[in-house]
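The sequence shown runs 3 to 206 under our numbering.
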Amino acid sequence: MIKLHHLRIGRSIFTVWLLEEVGVDYELDVYLRHPQTMRAQEDLKAVHPLGKSPVIEDGDLMLSESGAITTYVLAKYDTENKLHPNKGDLTVWADFQQWLAYPEGSVFAPLLLKMLTLRSGIDHPVITPFSDTEIALHLGYIVEKLADRDYIHGAFSGVDFGIAYVVSMAERLGQLEPYPTLQAYIDRCRARPAFQRAVERAVE
Ligand SMILES: N[C@@H](CCC(=O)N[C@@H](CS)C(=O)NCC(=O)O)C(=O)O
């Protein structure tokens with residue numbers, strides 16, 4: 003059975019949601035952040051050298067990186083390809099890979115910079131304009147993709163876990179007001195029964 007190491011207040015709730023959507027049995031180990039630093043603590047560092055979450059164990063496999071975990075879980079457990087395309091049409095498959103890599107590879111960094119500048123209370127002359135411009139670029143790109151659809155790949159799919167994570171982070175940082183499409187998207191994701199089961203189980 004899969005074991006998910008879940009650090010509260012962060013992206014691994016989206017991995018709990020993935021497991022709920024796929025409908026696979028899993029065990030959940032919940033970790034708390036340090037109350038002052040908000041970083042992971044020794045208990046999570048004992049699980050994996052990076053001390054980060056999500057991490058899953060499945061038999062002999064230990065896997066970190068939310069995108070890789072999504073890829074693995076879908077490949078192994080989404081046997082009817084309800085949430086991911088097979089390689090029959092390589093163009094569709096490649097586009098799916100792009101959207102899987104995009105949130106962690108491109109969208110997260112400027113959001114993290116924004117979070118750190120807001121937290122420090124300093125409007126940095128280089129970092130603030132950079133993060134603002136990049137956040138607008140990426141959120142605008144996601145809005146364009148959602149112009150004619152409810153989810154990134156049309157029907158709900160495995161790429162929505164990562165995109166929902168960065169959109170929810172943008173929301174938490176007060177960046178969503180100009181983007182009603184994204185607010186509607188994240189509300190739609192949260193309304194899914196599997197998302198609600200995930201939150202109940204993980205007590206986010
Ligand atoms: N790129 C990794 C990032 C993992 C990561 O940084 N997770 C955060 C939680 S949102 C974490 O564990 N932070 C604790 C710490 O760095 O102390 C992924 O996609 O899984």
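All residues carry an ideal CB built from backbone N, CA and C; glycine is no exception.
Query, Result
"Neighbour-count burial assignment, Val109, 16 or more Cβ in a 10 Å radius", "buried"
"Beta carbon of Ile71 nearer than 7 Å to that of Thr17", "yes"
"Short Cβ contact (7 Å threshold) for Pro105 with Ile165", "yes"
"Range of the contiguous beta strand (DSSP E) that encloses Ser28", "It should be pointed out that residue 28 corresponds to Tyr in this sequence rather than to Ser. That run of the beta strand (DSSP E) goes Tyr28 to Tyr33."
"For Glu173, the first and last residue of its enclosing alpha helix (DSSP H)", "Val161 to Arg174"
"Touching by the beta-carbon criterion (3+ pairs, under 8 Å), the region 29 to 40 and the region 85 to 103", "no"
"DSSP three-state assignment for Leu178, whether helix, strand or coil", "coil"
"Buried/exposed call for Ser62, threshold 16 Cβ in 10 Å", "According to the sequence as given, residue 62 is Asp; it is not Ser. So Asp62 counts as exposed."
"For Glu22, the three-state DSSP class (helix, strand or coil)", "helix"
"Residue burial classification, Met3 (beta-carbon count within 10 angstroms, cutoff 16)", "exposed"
"Residues bridged to Ile58 (per DSSP)", "Leu6 and Leu65"
"Whole-angstrom distance between Val32 and Ser55, CA atom to CA atom", "10 Å"
"Heavy atom of ligand 1 within 6 Å of Ser170 beta-carbon", "no"
"Ile124 burial status per 10 Å Cβ neighbour count (16 or more: buried)", "exposed"
"Backbone CA spacing between Met40 and Tyr143 [nearest angstrom]", "31 Å"
"Best match in Ala204, Glu202, Val201 and Met117 for proximity to Ala172 [C-alpha to C-alpha]", "Met117"
"Proximity test, Gly12 beta-carbon vs ligand 1 heavy atom, cut-off 6 Å", "yes"
"Pro112: first and last residue of the uninterrupted alpha helix (DSSP H) it sits in", "Phe110 to Ser122"
"Helix, strand or coil at Gly12 according to DSSP, with G and I counted as helix", "coil"
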